[in-house]
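Undergrad: In full-length UniProt numbering, the protein residues as written are 1 to 515. Encoded as structure tokens, here's the structure I'll be asking about.
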RNA sequence: GGUCCGUUCGUCUAGGGGUUAGGACAGUAGAUUUUCAUUCUACCAACAGGGGUUCGAUUCCCCUACGGACUACCA
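Take a look at the structure:
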């Protein structure tokens, strides 16, 4: 019988979620939706030392902003609640016990100092891979080496202990990764991983396998950094007797720094001048204790659709020439087979381009709405009718990359120039031009056709009477009306401004600028 | 060091035993816009290297180089 597809995104709340994590969540989501399955989120907070307040809420808001919906999560619940590992703490010990009983795990009483000493000894002896394993465990203090009654006595006296997995000495562990094909690792490369920590919490490895099994996860899609520990996980499934329902693994290629080398880290963002986080994050510097702010895509003016579209293409592509995809289209087109093996470098130009595309595709009415709120926030009054606002939005959006550019570009419609571009004035301004423009201003209020074409016709006609060529005044006219040397089409600007306001602006400029 | 993973234009990538190795972003040039931007057109630009296998390899295999991840009582 076919099992229902169930995937999970399992972040740990140790700080803001960066774009690599968002992409992992996205691919999980796309696969779940594509296959009609369920997407769940599980908080992996088994390390209480690394807990960061606010991180969980940040994750929730980030996914929401991105449009990644969760069917089961700590916040909406679900059939396998709770979805926070810290709240599932009581259930892990029994599974560790199961492994203890079947001889696949053992107690270890070594202190941190003893562990350090082991490592130091092995390193000094130039052992190729120094680790706590099938060979070295015989020299350590654990339930394999200690007499049974001493183990019991240590346990009874409350001596701190961990539970380690007894990894076999020689065995090939293999699994078929959905992205990479067969991956084979020899068990000698895996150490006796701690399963239960001395604080009674499971480690990631144990909790992950137990929860994925209990939550009936069918596909584990996660970053490539997990590839080396995947064989360990396979071993765990085997020892639990869960191999027949073991999820399929898919290890995603890493996201690299745009410059230099290495995987993208949380610190790269502000160093390189682009966000690595979906949302702005207010944190605390671990060393100095000073508050820190890391920029986010949302605050940077990126549209979530653009951000998601871009992110989807970092490591995946549909195999067609189509570049623009809505979430729905991504869901339909997504297959795990088309995820690439090689790491991807982040490209700032491409995200910007995506944002421009999505911004321009927005209805003018929606952009107008944004414009009004933004301008009001800046304390600029907006008293245009809706249709004019839409015209403004439509005119200005071709010049914008971010939504914030809209307000900046549109400002000229709401505020008269406070200064005039000196370059243009010194080159183009003279008595004749001033005279011509004055005549134009006089003619404007009586204009019958106030469309861009009508205004242009009027301007041409007035200038002809003056014996002035249009090319001589156009730049100057733009400066009198907008103050700037560049901007949207001037005829459209004057048309939207209306003859009265345009005329007044021209007259104001003429009165202020020495001819 | 060890284990594992990877390597097509500057970047994201398509392709795949015989192709003018395709697209997008960026860059450059031109056209349009009597502005800047937009738009349009064109151009630039890649199979890491060496061995095999083969009539033929960028594509399959091996080696090398390079890059990366992992190597905690972190996830």
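All residues carry an ideal CB built from backbone N, CA and C; glycine is no exception.
Please name the residue or residues paired with residue 122 in a DSSP beta bridge.
TA: Its beta-bridge partners do not exist; DSSP assigns none.
Undergrad: Check residue 255 in the structure and name its three-state DSSP category.
TA: strand
Undergrad: What is the residue span of the beta strand (DSSP E) that residue 28 lies within?
TA: No beta strand (DSSP E) contains residue 28, which is instead part of the alpha helix (DSSP H) from 19 to 34.
Undergrad: Look up residue 467 in the DSSP assignment and say whether it is helix, strand or coil.
TA: coil
Undergrad: From residue 179 to residue 27, what distance separates their C-alpha atoms?
TA: 13 Å
Undergrad: Which runs of the beta strand (DSSP E) fall wholly inside the segment 160 to 246 and span at least 3 residues, in chain order?
TA: 162 to 165, 172 to 177, 181 to 186, 194 to 196, 219 to 223
Undergrad: Sorted by chain position, which residues of the same chain lie with C-beta nearer than 8 Å to residue 447's C-beta, five sequence neighbours on each side aside?
TA: 454, 455, 458, 499
Undergrad: Excluding five sequence neighbours on each side, which residues of the same chain lie with their C-beta closer than 6 Å to the C-beta of residue 6?
TA: 37, 38, 216, 217, 218
Undergrad: Does the distance from the C-beta atom of residue 183 to that of residue 117 stay below 8 Å?
TA: No; because the gap between Cβ atoms is not below 8 Å, this pair is not in contact.
Undergrad: Could you give the residue range of the alpha helix (DSSP H) that holds residue 95?
TA: Where residue 95 is concerned, the enclosing alpha helix (DSSP H) stretches over 89 to 101.
Undergrad: So, under 8 Å CB-CB, residue 331 and residue 41 are touching, yes? Tell me the CB distance rounded to an integer number of Å.
TA: About 18 Å separates the two Cβ atoms, so there is no contact after all.
Undergrad: For a quick check, are the C-beta atoms of residue 96 and residue 163 less than 8 Å apart?
TA: Yes, these two residues count as a Cβ contact at 8 Å.
Undergrad: Within the segment 350 to 387, note down every full alpha helix (DSSP H) run reaching 4 residues or more, in order along the chain.
TA: 364 to 377
Undergrad: To the nearest whole angstrom, what separates the beta carbons of residue 313 and residue 18, a pair I think is in contact under 8 Å?
TA: Their Cβ separation, rounded to whole angstroms, is 17 Å, which puts residue 313 and residue 18 out of contact at 8 Å.
Undergrad: Quick check: the Cα distance between residue 300 and residue 386, rounded to an integer number of angstroms?
TA: 27 Å
Undergrad: Which runs of the alpha helix (DSSP H) fall wholly inside the segment 302 to 327 and span at least 4 residues, in chain order?
TA: 304 to 312
Undergrad: Three or more C-beta pairs closer than 8 Å, one from the segment 302 to 309 and one from the segment 60 to 73: is that the case here?
TA: yes
Undergrad: Locate the beta strand (DSSP E) running through residue 434, then write down its first and last residues.
TA: Per DSSP, residue 434 belongs to no beta strand (DSSP E); it is in the alpha helix (DSSP H), 431 to 443.
Undergrad: Tell me the residue span of the alpha helix (DSSP H) that contains residue 58.
TA: Residue 58 -> alpha helix (DSSP H) spans 55 to 66.
Undergrad: Restricting to Cα atoms, I'd like to know which of 343, 378, 302 is closest to residue 522.
TA: Lying before the first or after the last residue shown, residue 522 is absent from the chain, which here runs from 1 to 515.
Undergrad: Select from 383, 356, 389, 422 the residue whose C-alpha is nearest the C-alpha of residue 398.
TA: 356
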